[in-house]
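So the protein sequences, as listed, match chains R and C.
First residue of the first sequence: 0, per numbering that gives the first Met the number 0; consecutive thereafter.
First residue of the second sequence: 0, per numbering that gives the first Met the number 0; consecutive thereafter.
For glycine and all other residues, C-beta sits at the position ideal for the given N, C-alpha and C.
The structure under discussion appears below in the form of structure tokens.
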Amino acid sequence: MGRRLLIAVPYLWLLALFLIPFLIVLKISLSDPELAIPPYTPTLDWREGWAGFTEFLSQLDFENFVFLTEDDLYWKAYLSSLQIAALSTLLALLVGYPIAYAMARAAPEWRPTLLMLVILPFWTSFLIRVYSWIGILSTEGYLNQFLLGIGVISEPLTILNTNVAVYIGIVYTYLPFMILPIYAALEKLDDSLLEAAEDLGCSRLSAFWLVTVPLSKAGIIAGCFLVFIPALGEFVIPSLLGGSETLMIGKVLWEEFFSNRDWPVASAVAVVLLLILIVPIVLFQRNEQRQREAEG
Amino acid sequence: MTKSLVTTVAASALLAGMALADEVRVYNWSDYIDEGLLEKFEEETGIDLIYDVFDSNEVLETKLLAGGSGYDVVVPSGTFLQRQIAAGAFQPLDYDMLPNAENLWDVIQARTETYDPGGAHSINYMWGTTGIGVNVEKVTEVLGPDAPIDSLSLIFEPENMAQLADCGVHFLDAPAEMFPAALAYMGEDPDSHDPDVIAQTEEMFTAIRPYVQKFHSSEYINALANGEICVAFGWSGDILQAGWRAAEAENGVEIAYNAPKEGALMWFDQMAIPADAPNPDAAHVFLNFIMDPENIAAASNYVYYANGNEASKPLLLEDVIGDPAIYPDEATLANLYTTTPYPSRTQRAVTRLWTKIKSGT
Chain R
0 MGRRLLIAVP YLWLLALFLI PFLIVLKISL SDPELAIPPY TPTLDWREGW
50 AGFTEFLSQL DFENFVFLTE DDLYWKAYLS SLQIAALSTL LALLVGYPIA
100 YAMARAAPEW RPTLLMLVIL PFWTSFLIRV YSWIGILSTE GYLNQFLLGI
150 GVISEPLTIL NTNVAVYIGI VYTYLPFMIL PIYAALEKLD DSLLEAAEDL
200 GCSRLSAFWL VTVPLSKAGI IAGCFLVFIP ALGEFVIPSL LGGSETLMIG
250 KVLWEEFFSN RDWPVASAVA VVLLLILIVP IVLFQRNEQR QREAEG
Chain C
0 MTKSLVTTVA ASALLAGMAL ADEVRVYNWS DYIDEGLLEK FEEETGIDLI
50 YDVFDSNEVL ETKLLAGGSG YDVVVPSGTF LQRQIAAGAF QPLDYDMLPN
100 AENLWDVIQA RTETYDPGGA HSINYMWGTT GIGVNVEKVT EVLGPDAPID
150 SLSLIFEPEN MAQLADCGVH FLDAPAEMFP AALAYMGEDP DSHDPDVIAQ
200 TEEMFTAIRP YVQKFHSSEY INALANGEIC VAFGWSGDIL QAGWRAAEAE
250 NGVEIAYNAP KEGALMWFDQ MAIPADAPNP DAAHVFLNFI MDPENIAAAS
300 NYVYYANGNE ASKPLLLEDV IGDPAIYPDE ATLANLYTTT PYPSRTQRAV
350 TRLWTKIKSG T
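The following block contains the structure:
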């Protein structure tokens, strides 16, 4: 009994925080916009009982999903979001791996401090940290002042309001999510394996590629998913740091919801985004499971 | 410990949900009031004032249409107000609780009649025009002393924009303001609701798009004041505030605002009470406080926007009431146009076209 209850908890959690909200969004995506509160129709009226419910169901249709296929804006935005999320993930991996590696190699008494330093930025509001990048990257900002000061450039660089600033913002924001799982994997690494590799004639570099990287694979995969998934739907970073040509699905969703007051189409965009995300999430789950089975 | 935590959470949830009679929640535009007035209101009335800000009509509208926004007083612009009244978002005002309404200016009331017949749901807070703000020194440096700073040709002619691009140009990210301006420059009806007519502006926007640094509806105040940009197409008072901030910072930036001679949009920000406001009584007290000539004059003197209050005029600073950019003379007033809300199909076409212009997709 107690065991069943324990299993029920995560399922209840999933039901309350994922499935029910998703069904609400799905329901809205099948409705039509209307000038009212709330701004869509039909709305479900329980007072009319079963007849009201069937009447409600009969008014739902897939019109909004068809609409998404008719305008190339949507798939271009999905594609561009996928590209930005994928490149940001790769960059975060390139920056995050050496940091995680250095942390795992550091003397054990230093590790808690280093770990603390990685988590420390979370103590400041995410919004303020993104805003501070505006101050750093603007044409009058610290970066340009510094580069002009040391004479590397003669004209200020335009970084703010471009995709470059979006990449910087995403990589900066999600870097800890890349570092932590990789660090966790590297910290468990048995040093004697590396010694064995070197004894058997491996150079340090090939020992790294043949032993360290494969053994930290689980951490790399976990880190990549933790960066990729939120980056795909990111709205705040592109709207603060990106320019008008930065096309991301989060922004398209915002426009549908706020400018067009078209909640049904906005919901359809969100449902499709979720379907796109389900693929990597399922892959991630499967990888986790295989990992657990392998570890026995 | 856990139990007391639960009690605290439950108690605060209860407080948040309960309508406290001595509290009023106001949702107004950013940089749009003399903050001293907020303290004065609390002192005079004993009502706690919670003051939040937004920078786009769309955000306000979404909160209102979602219902349960929790605000008692909101400040949409006329066209948005009209649509929101139709959606049933506001409650009618009780003029018995608003004795100061006698101070309102009949000229402005007549102009807002289109949006809210008889002022049944709203009172005018501020009004202004949408036009061109320039950093005088930089623009004359680039385009010479004859730069057309009072004409839409400054921002809609590619040869002007190509030269201005280096010193920075910002446009409002508000299609409902930008398309009427483009139509006015093309000699079309600025209030056209015909998607085909509006689509004709695309070519003009595409030609100047590469020279626009950013489309944003509030950043240009600081950017103009700091000298980061030299031209902004924005709201009159915001641009005048930028000039005032630059003067205060003594950074040598001189800002000028002009309502374009081809015609300028005249807009009205109206204070209204949401249908589901938790404290409509306190909201009426706030509206009445705002219509006190002394208070609204203080607000105008601070934000450099004209208000809809006749009795406040003698209390305005000379550089507010005497500035034709704020209180336009008869000739300019005749040159101002107003717009009405887009029907939803046109709205979709307009938003889509705006996205296409901004992002190229």
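With contacts defined as CB atoms closer than 9 Å, residue 73/R and residue 251/R qualify as a contacting pair. Residue 116/R and residue 206/C have their C-alpha atoms roughly 49 Å apart.
In the three-state scheme derived from DSSP, where H, G and I count as helix and E and B as strand, residue 32/C is classed as coil. Pairwise C-beta distances place the segment 88-103 of chain R in contact with the segment 181-189 of chain R, as three or more of them are shorter than 8 Å.
The beta carbon of residue 315/C sits no closer than 9 Å to any beta carbon of chain R. Between residue 298/C and residue 32/C, the beta carbon gap of about 5 Å places them in contact (Cβ cut-off 8 Å). In chain order, 34 make up the part of chain R whose C-beta sits under 8 Å from the C-beta of residue 85/C.
The C-alpha of residue 237/R is placed about 18 Å away from the C-alpha of residue 169/C. In terms of Cα proximity to residue 274/R, the closest of 38/R, 24/R, 32/R and 60/R is 24/R. For residue 178/C, no chain R residue has a Cβ inside 9 Å of its Cβ, as the nearest lies near 13 Å away. Taking CB atoms only, residue 260/R has a neighbour in chain C less than 9 Å away. Shortest Cα-Cα distance from residue 262/R to any of 39/R, 10/R and 13/R involves 39/R.
Judged by their CB atoms, residue 131/C and residue 231/C are nearer to each other than the 9 Å cut-off. Counting only Cβ-Cβ distances below 8 Å, residue 88/R has no contacts in chain C at all, with the closest Cβ about 23 Å away. Contact between residue 66/C and residue 304/C does not hold, since the beta-carbon distance rounds to 30 Å and is not under 8 Å. The beta carbon of residue 234/C sits closer than 7 Å to the beta carbons of 127 and 129 from its chain, once the five residues preceding and following it are set aside; these are given in chain order.
Note that the C-beta distance between residue 226/R and residue 103/R is not below 9 Å.
At a cut-off of 9 Å between beta carbons, residue 137/R contacts chain C. Secondary structure of residue 112/C (DSSP, three-state): coil. Taking the CA atoms as reference points, residue 286/R sits about 35 Å from residue 239/R. Within 10 angstroms of the beta-carbon of residue 350/C lie 16 or more other beta-carbons, which makes it buried. Nearest neighbour of residue 310/C by Cα position, chosen from 330/C, 148/C, 289/C and 73/C, turns out to be 289/C. If you draw a straight line from the Cα of residue 221/R to the Cα of residue 243/R, it is about 32 Å long. A direct Cα-to-Cα measurement between residue 60/R and residue 30/R gives close to 7 Å. Here residue 273/C is bridged, per DSSP, to 89/C.
Around residue 354/C, the beta-carbon contacts reaching into chain R at under 8 Å are 72, 251 and 254. Residue contact check for residue 206/R against chain C: no CB pair falls below 9 Å. Around the CB of residue 250/C, fewer than 16 other CB atoms lie within 10 Å, so the residue is classed as exposed. With respect to chain C, the C-beta atom of residue 145/R has no partner C-beta closer than 9 Å.
According to the DSSP assignment, residue 338/C belongs to no alpha helix (DSSP H), since it is labelled neither H nor E. Residues of the same chain with a CB within less than 7 Å of the CB of residue 356/C, apart from the 5 flanking positions on each side, are 201, 204, 205 and 208 in chain order. In terms of Cβ geometry, residue 268/R and residue 67/R form a close pair [threshold 9 Å]. Contact of residue 271/C with chain R is not assigned, every C-beta pair being separated by 9 Å or more. Taking the beta carbon of residue 215/R as reference, no residue of chain C falls within 8 Å; the closest one sits roughly 39 Å away.
Put simply, the backbone Cα of residue 253/C is about 45 Å away from that of residue 88/R. Among the residues facing chain R, residue 45/C is not included, as its CB has no counterpart in that chain under 9 Å away.
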